[in-house]
Structure formats: structure tokens, C-alpha cells
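Since the structure comes first, as C-alpha cells, the remarks are kept for the end.
Protein chains: 2
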Amino acid sequence: MALRIAELETPEVLVDRDQLLRNLGRVQRIAAQHDVALRPHVKTHKCIEIARLQLEHGAVGLTASKVDEALVFIEQACGPSFTLAYPIVDPRKLQRAFASAGHQNVELRITVDSEAGIAAAEAAAKSCNKTVSAFVKIDVGLHRCGLVEDDPQVVRLVRLISSSSQLRFAGLLSHAGQAYTAPDIARIAEIAAEESAILQRVRSRLASAGFDVPEVSVGSTPTVLAGNSFEAVTEIRPGNYVFLDATAVRLGLASFEEVALSVVVTIISANSSYFIIDGGSKVLSSDLGAHGTGAGVGYGVALPIDVAGAEAAPLLVARLSEEHGFVERAGEDLAIGTKLRVIPNHACPVANLAERLTITSQGEMIDQWQVAARGKVR
Amino acid sequence: MALRIAELETPEVLVDRDQLLRNLGRVQRIAAQHDVALRPHVKTHKCIEIARLQLEHGAVGLTASKVDEALVFIEQACGPSFTLAYPIVDPRKLQRAFASAGHQNVELRITVDSEAGIAAAEAAAKSCNKTVSAFVKIDVGLHRCGLVEDDPQVVRLVRLISSSSQLRFAGLLSHAGQAYTAPDIARIAEIAAEESAILQRVRSRLASAGFDVPEVSVGSTPTVLAGNSFEAVTEIRPGNYVFLDATAVRLGLASFEEVALSVVVTIISANSSYFIIDGGSKVLSSDLGAHGTGAGVGYGVALPIDVAGAEAAPLLVARLSEEHGFVERAGEDLAIGTKLRVIPNHACPVANLAERLTITSQGEMIDQWQVAARGKVR
């Protein structure tokens with residue numbers, strides 16, 4: 001007989017399969033509606049089974065940040081095509097990636113934002129005797145990687161790529177991660193529109209310089225869920241949408257019921273201010289939100305484990321030690337041994353900390369899936 | 379030929395063996411000087427090789443938080459004795475622990491702070507036909523787990539334990555984690571003295587009620603390194619001292635040179651404000667410090683990789699995404715491809731995120747050790 005959530009040892013990272021499927025469907029429909037390809041980022045789940053579900057739902061391929069993360073999926077023949085949406089500058093890593101992708105007959109596209117990155121890609125492609133498609137990354141406001149739109153280096157890099165016998169210009173790629181700092185959905189939609197406008201201007205500038213831009217790839221869960229203009233965009237690369245989290249709820253992108261990932265924990269002690277739960281930063285992570293953003297209050301919310309009780313007021317996970325969480329009592333009187341379900345601030349690092357995801361349906365465990373690419377950061 | 383640090387693929391978690399050994403020696407000498415037993419907490423390293431070094435240096439046994447974390451070491455016959463310094467309330471977990479410890483002939487001591495915990499321990503011990511030593515946890519100021527000193531429940535729990543045919547009263551156990559909020563060493567030493575005073579008062583109260591207190595076990599790296607009074611204490615359980623980190627440096631407990639764990643990273647991009655490195659929260663964690671404490675500025679510091687350059691001003695890791703770190707430029711002009719060594723805020727979650735520790739000596743890789751108990755949170 002299947003175990004119910006309340007019978008599991010804790011802490012355990014849960015994924016509600018039915019909600020996961022609804023979340024997959026929601027974004028696949030957005031892609032269809034706007035006629036853009038969906039190429040999900042696997043960093044959120046790092047799990048072969050979920051990648052296969054994404055491909056079954058219509059994803060054209062997958063996205064990863066790091067080579068070793070991508071290789072886990074490539075070696076399992078997960079999809080026809082992979083984009084490394086990360087500027088990798090070590091030719092040894094790229095060589096490993098190109099060799100494996102070639103062996104598995106998987107298309108591998110890379111991302112560059114510097115001459116050093118182009119040199120690394122050329123050297124690696126040459127040693128594997130390959131021609132590789134390369135995106136140029138544009139900074140659309142996160143101010144992390146990528147070139148700003150009026151940087152003359154944009155045209156220079158595209159020219160370098162186009163003139164290389166080992167490289168092919170794939171197009172422009174961006175990530176509007178600053179959407180996580182937006183106060184509401186309206187502002188997120190504006191950020192999506194700004195991103196699209198920036199990329200159109202870069203495309204025009206490249207056209208004037210004689211370069212065609214085959215693809216325009218953007219991606220962040222907030223801009224995909226809240227955006228209403230995908231003009232000029234050919235592809236979206238959201239990651240977090242499969243699970244969602246307390247950050248998505250805070251941004252107004254989802255309700256708690258729409259979050260597919262949670263952590264079941266047990267109250268193991270209590271003091272006058274807090275219930276102490278057996279999940280801390282080694283399960284929930286210390287993330288306040290994506291890219292270090294966040295409301296600055298707490299590390300998630302604790303809900304009763306039974307779905308029917310979901311209307312109960314969520315309790316704040318106010319503080320974390322490594323293996324303990326401090327849940328505000330808020331006048332409640334819960335016994336030691338009581339189980340709670342925590343919706344974390346940020347689902348992506350939670351999956352990365354877990355040995356496995358426990359898959360549930362209607363409150364029962366139905367499967368366990370390995371987090372196969374956990375810890376693959378090179 | 380051994381790889382030098384600059385030749386490693388990044389990010390990679392490094393442990394300098396020579397500094398590790400000096401850190402082990404430092405605390406072992408403190409234990410000898412104050413005539414207390416040293417029982418290190420393995421949560422910091424989760425690594426069999428380091429546990430064996432601790433035992434070789436004179437540790438009387440080991441400490442863990444979670445059962446599955448302890449079992450990794452127990453099943454490798456790592457030491458004669460283990461303390462679970464965590465109130466576990468699920469009898470299934472305790473049963474698993476008692477059975478394995480019995481099989482390996484390892485003494486296993488547990489910690490309780492509630493009647494629920496005692497009931498779970500009794501049930502588990504009964505089912506394994508064992509008598510188990512149990513500590514009662516006292517809250518000495520962290521206000522997490524444990525009973526406050528004047529709670530009548532202290533005497534009640536000791537009476538319950540003493541009258542149980544399955545349990546034996548081991549003594550008092552505490553963790554003065556609030557030491558991480560201290561502004562300086564002097565305040566940390568005061569906190570250590572307060573902890574000792576509280577535990578002496580509880581011991582006196584128990585004596586009046588007719589109970590002997592065989593052991594008094596305390597432990598946190600700051601109070602061990604800064605404390606000068608271990609009166610009434612029989613055992614110390616520090617964890618972080620093996621590595622130390624930017625928090626230990628901030629507290630005045632160590633210099634950057636005395637930190638044994640660091641993460642070698644590469645500058646993979648740059649913008650007008652930041653160098654972007656290839657280590658983010660999935661390598662460095664988002665911890666500001668232990669127990670959610672911290673200076674509130676940044677996620678560690680970046681230093682040149684060559685030891686000779688250690689006098690160079692450290693650069694602040696100001697912000698993290700999952701796979702990127704934002705390092706303040708501070709007027710420096712470092713090329714893409716430059717490698718840096720990051721000293722994280724908190725070493726414990728960093729080891730837990732790593733697949734392995736790369737062991738170095740004099741700038742060369744000499745070994746790689748698995749983080750065997752990584753992710754063991756149940």
C-alpha cells in the first residue's frame with residue numbers, strides 16, 4: 001500500500017505529480033499561443049524523468065548552465081538538442097561537451113559574451129572537428145553576464161563568430177532575471193516588453209552591419225508567465241515554472257496550491273516563540289529568492305500537510321540553522337511530532353540539495369526520482 | 379605530475395591539508411589544556427577521511443545531527459562512540475540507528491528535550507532490546523531546541539529517563555550558537571562562561587533532586603576557540619573548526635590564511651561593476667553565517683589563488699545567482715579566465731553541496747575525498 005505523506009520520514013522533498021503536469025501544460029500553452037519554441041532550463045529539477053515529461057509535452061530541447069549538468073541529460077539521450085546558456089571559457093569543458101553530444105547525436109548550442117569565450121569554443125570545436133552554433137548573450141537588465149545593447153563589442157563578436165570556420169552565429173540570448181525584483185505582475189510584463197525591445201534594437205543594428213539573427217532566445221519564469229508580448233522572440237527558456245515556489249506566490253504568479261514542490265518536515269521541538277522543524281538550510285537552502293532577491297522575511301512558509309487544510313494561515317519559516325527551521329508560532333499550539341509542508345522561497349536550490357524527489361499524487365507517494373544532475377556545477 | 383590549483387576545472391572545493399591538520403591540532407590542544415574530551419561534529423565535513431584524522435588526533439568519538447548522517451560513519455566503523463546531538467522524535471529513525479550501532483559495536487548516545495522524544499527513544503530501544511544513554515538538551519541562549527534552565531520539565535525528563543528500563547541519563551548537552559552573533563572575541567568568551575554557569579546551575583538543581591549528572595557536553599567553534607573557562611564541562615563538540623571560514627575571520631577567531639576550505643573559481647564574464655565568477659549559491663550556498671547570522675554584506679571574499687598574493691586586498695562576493703557570483707571590481711582589472719579562491723561565509727553548507735573535496739598541499743592537488751554523508755538529512 002502506498003505511503004501517505006504523513007507517514008514519510010522527514011525531511012523529504014515532495015513533488016505533486018498532478019500539479020507538476022498542470023505547470024508543464026500551462027507554459028507549453030503559452031509557447032503555443034505566442035508561437036515560440038519552449039526549451040526549458042533543467043537547473044530547476046536536474047531530473048531525467050521531468051526532462052522527459054517536458055519533451056513529451058512539446059519542448060523542442062533543453063537548456064543547462066554547466067557542461068557536467070548538460071552531460072547527465074545528453075548521455076541519457078534526453079532530447080534532440082541542448083543549449084548551454086552560460087558563457088563557458090574553459091576549452092576542456094567545451095571539448096567534453098562537444099565530444100559527448102557528437103557521440104549521442106545531440107545538437108549542442110553554446111553561449112558567448114567575450115573573445116575569450118569565442119577562442120575557447122573555437123579551440124574545442126576544432127579539436128572535435130565540429131562546427132558549433134553560438135549565441136551571443138545580451139544583458140537586458142540583470143547586469144550579470146552579457147553585453148549591453150550599445151556595446152560595439154556585440155557586432156565585433158558576431159563578426160568573429162561568423163568568420164570562424166568552427167562556429168556558426170545562432171542568434172541572441174538573454175535572461176531578464178531582474179524580473180524577480182518586480183513589485184507586481186504589471187512590472188514583470190513591462191520588463192518582458194523592455195527585453196523584447198532591446199533585443200529588437202540589437203537585431204536591427206546587426207542587420208545594418210549585414211548579419212542575420214536566426215534566433216532570439218529569452219527566458220525566465222516570471223517574464224514567461226506574466227509577459228504578453230513575445231515580439232521578435234523565437235524561443236523561451238524558463239526553468240522554475242515546473243515547480244514554482246513562495247517567490248512565485250509573492251510575485252503574484254501563482255497560488256500556494258499551484259506550487260508543485262514542497263518539503264514535508266516534523267516539529268521536533270518548540271520554545272516560547274517558535275516551533276522547531278527538522279528541515280534547515282541543508283534542505284531548504286538559505287535563498288531568499290532567485291539571484292539574491294527576496295522579500296527579506298523568512299525562508300518559506302509552512303502549511304498543514306492535508307490539502308483540505310490549505311486555507312489555514314501559512315506560518316512563516318523565520319530562520320534557519322543547518323538542520324533546523326524556526327517556524328513562528330503565531331498563536332498556534334501544535335504538538336511535537338506534527339508534520340508540516342514547507343513551500344520554500346526558491347525551489348531550484350532545494351531540488352539540488354535533495355538526493356531524490358518523492359513524487360506524490362492525492363497525498364500518496366507514487367514514485368521516487370533521482371536528482372541525477374545534483375551538484376554538477378562544472 | 380600533480381595538478382596545480384590554477385589548472386583545475388572550476389568551481390572546485392579545495393581543502394588545504396596542511397592547514398586542516400593545523401586546525402585539528404589547535405582544538406585538540408585546547409581540549410587537552412582544559413582536560414575535556416573532544417567529540418567533533420561531522421556535519422561540517424561529512425567526510426570519512428576527515429573523521430579518521432580527528433580520531434587519530436585524539437577525538438573520543440564523533441557527533442552528528444541526523445541519523446542517516448551518523449550511519450555513514452558508523453557503517454565505516456569510524457570511532458568507538460557517536461552522539462546524536464539532535465532531538466529525534468521518529469522511533470523508526472532511532473531504531474535504524476540503534477540496530478546499526480549495535481551491529482558495528484559502536485556506542486550511540488542520543489539527545490532529548492521532550493516527552494515525545496523520550497517515548498520515541500524508549501520504543502526504539504525496546505524493539506532493539508538495548509539500553510541507550512540519553513542527554514537532556516538545555517537551551518543556553520540560542521533559543522532553538524532544549525529546555526531553559528528553570529523549566530521544571532528538566533527534572534521531570536531526567537526522572538523519566540532514569541526510571542526507564544531502556545534509557546540511562548547521560549548528562550546535559552548544549553550548543554551556544556548565539557556566539558555567532560557576538561561582535562568580538564571578548565563577548566564570545568562571556569557567552570562560553572554564561573553557558574558553563576547555566577549548566578552548573580542545572581546540575582545543582584538536579585543534584586538537589588537526587589540526580590547525578592555524569593557528563594556536561596557543550597560545543598560550538600567560537601566558544602571553544604575563544605572560551606577560557608570550561609568549568610564543569612566534560613566534553614566539547616565543535617564542528618566548523620576543521621575548516622573555518624569568513625565568519626570565523628569576521629569574529630576574530632582566525633585569519634584568512636588559517637581557513638582550510640576555499641572554492642577555486644574562474645572569472646567567466648565582467649560588467650562595469652562586477653567580475654562574474656562561475657561559483658554561485660549551488661557551490662557557495664546563500665548562507666550569510668551560521669544560524670542565519672552574518673554581517674549582511676556579501677557571500678564571502680575572493681583572493682588571488684597564489685598563497686604569496688594573500689596580502690592582496692580581498693574582493694567582496696557581493697551577490698549570488700545559482701551558478702554565478704558577483705565579485706566587486708574595486709578598481710581591479712582582471713581578465714576573463716582569471717582564477718580566484720573564494721573563502722565562503724560558512725564552510726559547512728559548502729562541503730554539503732560538493733560531490734568531493736579536492737585536497738591540496740602547497741598549491742598542488744594531492745587527493746580527492748568524497749563528501750560521503752552529503753545530503754543525509756533524515
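Going line by line, the protein sequences match chains A and B. Mapping of the first sequence onto the working numbering: position 338 corresponds to residue 338, and the numbering continues sequentially without gaps. If you count the second sequence from 1, you need to add 378 to reach the working numbering. In this text, a Cβ means the ideal position worked out from N, Cα and C, and glycines have one as well. In this text, all values refer to a predicted model and were calculated from it rather than measured experimentally.
key: residue 555 of chain B: contacting residues in chain E (beta-carbon distance under 8 Å)   = Looking at the structure shown, chain E is missing, and the protein chains on hand are A and B.
Which residues in chain A have a C-beta closer than 7 Å to the C-beta of residue 731 of chain B? List them in chain order.
By 1-based counting over the second sequence, the position of residue 731 of chain B is 353. In chain order: 375.
Worksheet item: Among all the DSSP beta bridges, which residues are the ones paired with residue 645 of chain B?
Response: Taking the second sequence and counting its residues from 1, the one referred to as residue 645 of chain B is at position 267. BP columns for residue 645 of chain B point to B/655.
Margin query: Does the CB of residue 433 of chain B have a neighbour CB from chain A at under 8 Å?
Written below: Taking the second sequence and counting its residues from 1, one reaches residue 433 of chain B at position 55. Taking Cβ atoms only, chain A never reaches closer than 8 Å to residue 433 of chain B, which makes this a no.
Within 10 Å of its beta-carbon, does residue 368 of chain A have 16 or more other beta-carbons around it, so buried, or fewer, so exposed? Position 368 of the first sequence holds residue 368 of chain A. Exposed.
*For residue 558 of chain B, the three-state DSSP class (helix, strand or coil)*: Sequence index remark: in the second sequence, residue 558 of chain B carries index 180 (1-based). Helix.
Three CB pairs or more closer than 8 Å across the stretch 656-669 of chain B and the stretch 634-643 of chain B | yes
| said: Comparing C-alpha positions only, which one of A/343, A/301, A/146, A/125 sits nearest to residue 243 of chain A? | reply: The sequence position of residue 243 of chain A within the first sequence is 243, counting from 1. Nearest option by C-alpha distance: A/343.
* To do: Within its chain, find whatever has a CB closer than 8 Å to the CB of residue 582 of chain B; leave out the 5 residues flanking it on each side and keep chain order.
  => Counted from its first residue, the second sequence places residue 582 of chain B at position 204. Nothing meets the Cβ criterion.
Quick check on DSSP: helix, strand or coil for residue 256 of chain A? Taking the first sequence and counting its residues from 1, one reaches residue 256 of chain A at position 256. Helix.
On the criterion of 16 or more Cβ atoms from any shown chain inside 10 Å, does residue 488 of chain B qualify as buried, or is it exposed? As a first step, residue 488 of chain B must be located in the second sequence, where it is residue number 110. By the 10 Å Cβ count, residue 488 of chain B comes out buried.
Counting only the same chain and skipping the five closest in sequence on each side, list residues whose C-beta sits under 6 Å from that of residue 341 of chain A.
Counting from one through the first sequence, the residue named residue 341 of chain A turns up at place 341. Once the five neighbours on either side are set aside, the close Cβ partners of residue 341 of chain A are 262, 264, 303, 305.
Cα separation between residue 355 of chain A and residue 426 of chain B? Residue 355 of chain A sits at position 355 when you count from the first residue of the first sequence. Residue 426 of chain B sits at position 48 when you count from the first residue of the second sequence. If you take the alpha carbons of residue 355 of chain A and residue 426 of chain B, they lie about 19 Å apart.
*Between residue 649 of chain B and chain A, is there a C-beta pair that is closer than 8 Å?*
Within the second sequence, the letter at position 271 stands for residue 649 of chain B. So yes, residue 649 of chain B belongs to the interface.
| query | Using Cβ-Cβ distances below 8 Å, what residues of the stretch 64-89 of chain A are close to chain B? | reply | 65, 66, 86, 87, 88, 89
Practice problem: Classify residue 201 of chain A as helix, strand or coil using the three-state DSSP reduction. | Solution: As a first step, residue 201 of chain A is located in the first sequence; it is residue number 201 there, counting from the start. Of the three classes helix, strand and coil, the one that applies to residue 201 of chain A here is helix, per DSSP.
Tell me, please, whether the CB atom of residue 305 of chain A is closer than 8 Å to any CB atom in chain B? What you label residue 305 of chain A is simply residue 305 of the first sequence in a count that begins at 1. Not one chain B Cβ lies under 8 Å of residue 305 of chain A.
I need the DSSP call for residue 476 of chain B, collapsed to helix, strand or coil. In the second sequence, residue 476 of chain B corresponds to position 98, counting from 1. If DSSP states are grouped into helix, strand and coil, residue 476 of chain B belongs with the helices.
- Item | Cutoff 8 Å: residue 597 of chain B Cβ touching any chain A Cβ | Numbered from 1 along the second sequence, position 219 holds the residue referred to as residue 597 of chain B. Not an interface residue.
Skipping 5 residues on each side, what residues in its chain have a beta carbon closer than 8 Å to that of residue 414 of chain B?
Mapped onto the second sequence, residue 414 of chain B falls at position 36. 608, 611, 612, 613, 614, listed in sequence order.
Under 9 Å from the C-beta of residue 150 of chain A: neighbouring residues of chain B:
Position 150 of the first sequence, counted from the first residue, corresponds to residue 150 of chain A. Simply none; closest approach about 13 Å.
- Near residue 241 of chain A, which residues of its chain fall below 6 Å by C-beta distance, leaving aside the five closest residues on each side in sequence? For this step, residue 241 of chain A is matched to residue 241 along the first sequence. Here the set comprises 23, 27, 221.
- Name the DSSP bridge partner or partners of residue 230 of chain A? Indexing the first sequence from 1 puts residue 230 of chain A at position 230. Bridge partners of residue 230 of chain A: none, in fact.
- For residue 410 of chain B, collect the residues of the same chain with a Cβ closer than 8 Å to its Cβ; drop the 5 residues on either side in sequence, then sort them by chain order. Your numbering for residue 410 of chain B matches position 32 in the second sequence. Cβ neighbours of residue 410 of chain B beyond the five flanking positions: 436.
Indicate whether residue 760 of chain B and residue 465 of chain B have their beta-carbon atoms separated by less than 8 Å.
Shown here, chain B extends from 379 to 756; a query on residue 760 of chain B therefore has no answer.
*Hey, residue 89 of chain A and residue 116 of chain A: beta-carbon distance below 8 Å or not?*
Counted from its first residue, the first sequence places residue 89 of chain A at position 89. Counted from its first residue, the first sequence places residue 116 of chain A at position 116. Their beta carbons are under 8 Å apart, which means residue 89 of chain A touches residue 116 of chain A by this criterion.
Exercise for review: Note down, in chain order, all residues in the stretch 21-48 of chain A with a beta-carbon under 7 Å from any beta-carbon belonging to chain B.
Suggested key: 43
**Asked** Looking at residue 726 of chain B and residue 588 of chain B, is the spacing between their C-beta atoms short of 8 Å?
**Response** Counted from its first residue, the second sequence places residue 588 of chain B at position 210. Counted from its first residue, the second sequence places residue 726 of chain B at position 348. Contact: no.
inquiry  = Ignoring anything shorter than 4 residues, give me the alpha helix (DSSP H) runs that lie fully in the stretch 46-71 of chain A, in order along the chain.
reply    = 48-56
Within its chain, find whatever has a CB closer than 8 Å to the CB of residue 19 of chain A; leave out the 5 residues flanking it on each side and keep chain order.
Translated into the one-based positions of the first sequence, residue 19 of chain A becomes position 19. So the qualifying residues of the chain are 257, 258, 259, 260.
Per DSSP, what are the beta-bridge partners of residue 488 of chain B in this structure? Here residue 488 of chain B is taken as the residue at index 110 of the second sequence, counted from 1. B/512, per the DSSP bridge assignment.
Would a check of beta-carbon distances place residue 344 of chain A closer than 8 Å to chain B?
Reading the first sequence from its first residue, position 344 is the one you call residue 344 of chain A. Chain B contact via Cβ: absent.
Delimiting residues of the beta strand (DSSP E) encompassing residue 395 of chain B = Locating residue 395 of chain B in the second sequence gives position 17, counting from the first residue. Counting along the chain, residue 395 of chain B falls outside any beta strand (DSSP E), though it belongs to the alpha helix (DSSP H) covering 395-411.
Going along chain A in order, which residues have a C-beta closer than 8 Å to the C-beta of residue 726 of chain B? As a working mapping, residue 726 of chain B is identified with position 348 in the second sequence. Those within 8 Å of residue 726 of chain B in chain A are 322.
What separation, rounded to the nearest whole angstrom, lies between the Cα atoms of residue 700 of chain B and residue 179 of chain A?
Numbered from 1 along the second sequence, position 322 holds the residue referred to as residue 700 of chain B. Numbered from 1 along the first sequence, position 179 holds the residue referred to as residue 179 of chain A. Straight-line Cα distance between these residues: approximately 16 Å.
C-alpha gap between residue 337 of chain A and residue 420 of chain B, whole angstroms: Within the first sequence, numbered from 1, the residue matching residue 337 of chain A stands at position 337. Within the second sequence, numbered from 1, the residue matching residue 420 of chain B stands at position 42. Spanning the two alpha carbons is a distance of roughly 26 Å.
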